[in-house]
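Taking our numbering, I'd label the letters of the sequence shown as residues 1 to 172.
For each residue, glycine too, the CB sits at the ideal point set by N, CA and C.
Keep in mind the model is a prediction, meaning the values are calculated, not measured.
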Amino acid sequence: MENPDLARLEAALADARAEVARIRTENTRLADVYREDPSDGNREIMKRGAASLSAARNREADARAAVAIVKKTGSLHGLLAEEGRVAGSIVVVIPAGISREARENLIEGALGDQLSDAAESLGVVLAAAPMSYTKEKPGRDAEGRTVIEVAGRVEGDRLVPAVSRASKNMRS
Numbered sequence: 001m002e003n004p005d006l007a008r009l010e011a012a013l014a015d016a017r018a019e020v021a022r023i024r025t026e027n028t029r030l031a032d033v034y035r036e037d038p039s040d041g042n043r044e045i046m047k048r049g050a051a052s053l054s055a056a057r058n059r060e061a062d063a064r065a066a067v068a069i070v071k072k073t074g075s076l077h078g079l080l081a082e083e084g085r086v087a088g089s090i091v092v093v094i095p096a097g098i099s100r101e102a103r104e105n106l107i108e109g110a111l112g113d114q115l116s117d118a119a120e121s122l123g124v125v126l127a128a129a130p131m132s133y134t135k136e137k138p139g140r141d142a143e144g145r146t147v148i149e150v151a152g153r154v155e156g157d158r159l160v161p162a163v164s165r166a167s168k169n170m171r172s
């Protein structure tokens, strides 16, 4: 029996790949226009095109990781460590009215071993506490659990958080 989550994620990946191809084609056209008229206005349009392509590539990478996680774990949640990155999500049941310290302990307890294993598979060590690699998604999943996004990247021999401080400060 086909996993409906996998089918949905593979469709999203195909859409993301098509979007990258579309933006590349458009950026090629913009580059031709810029070569004919290297004005500041055309330069700005090319910069916006490059930013759009970068964002589309990131969406494609996220979709590719989501498909790989479902194939690896059979679930929408889990961590994937490859190409110098750790990405994925975990789910945690967080009771209402819990203190911030207890909340962080629940998240670190659920994430610590998985994140350490992911870092070890990349041949690096953690550069920060597991909580530093997380960003809470708003709302809850269908079972009422909190979904926590996890992201890290390899720098040297360490896995450093790839979650911006600004996004973490917004939830505090």
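{"Check": "Which full runs of the beta strand (DSSP E) of 3+ residues lie inside the segment 91 to 152, going along the chain?", "Outcome": "134 to 136"}
{"Check": "Could you tell me whether the Cβ atoms of alanine 63 and alanine 128 are closer together than 8 Å?", "Outcome": "no"}
{"Check": "Counting along the chain, where does the beta strand (DSSP E) carrying glycine 78 start and finish?", "Outcome": "78 to 82"}
{"Check": "Following the continuous alpha helix (DSSP H) through valine 70, name the residue where it begins and the one where it ends.", "Outcome": "40 to 73"}
{"Check": "Does at least one heavy atom of the ligand PLP sit under 7 Å from the Cβ of isoleucine 69?", "Outcome": "Ligands in the displayed structure: none, and consequently the ligand PLP is not present."}
{"Check": "With distances taken Cα to Cα, identify the nearest neighbour of leucine 76 among Leu13, Ser39, Leu9.", "Outcome": "Leu9"}
{"Check": "Nearest to alanine 18 by CA position, among Ala56, Met46, Arg35, is which residue?", "Outcome": "Ala56"}
{"Check": "Under the rule that 16 or more other beta-carbon atoms within 10 Å means buried, what is threonine 73, buried or exposed?", "Outcome": "exposed"}
{"Check": "Just to confirm my understanding: we take valine 70, look at its own chain, exclude 5 residues before and 5 after, and list those with CB closer than 7 Å. What are they?", "Outcome": "Asn3, Asp5, Leu6, Leu9, Leu76"}
{"Check": "Looking at the unbroken alpha helix (DSSP H) that takes in valine 33, where does it start and where does it end?", "Outcome": "4 to 36"}
{"Check": "Under the three-state reduction of DSSP, which class applies to glycine 88: helix, strand or coil?", "Outcome": "strand"}
{"Check": "For the beta strand (DSSP E) that contains valine 160, what are its first and last residues?", "Outcome": "158 to 161"}
{"Check": "Could you give the C-beta distance for valine 86 and alanine 110, rounded to a whole number, given that I count them as a contact under 8 Å?", "Outcome": "With 8 Å as the limit, valine 86 and alanine 110 do not qualify as a contact, their Cβ atoms being about 15 Å apart."}
{"Check": "For valine 150, which of Ile107, Asp40, Ile94, Val125 has the nearest alpha-carbon?", "Outcome": "Ile107"}
{"Check": "Answer with buried or exposed for serine 99, where buried requires no fewer than 16 other C-beta atoms within 10 angstroms of its C-beta.", "Outcome": "exposed"}
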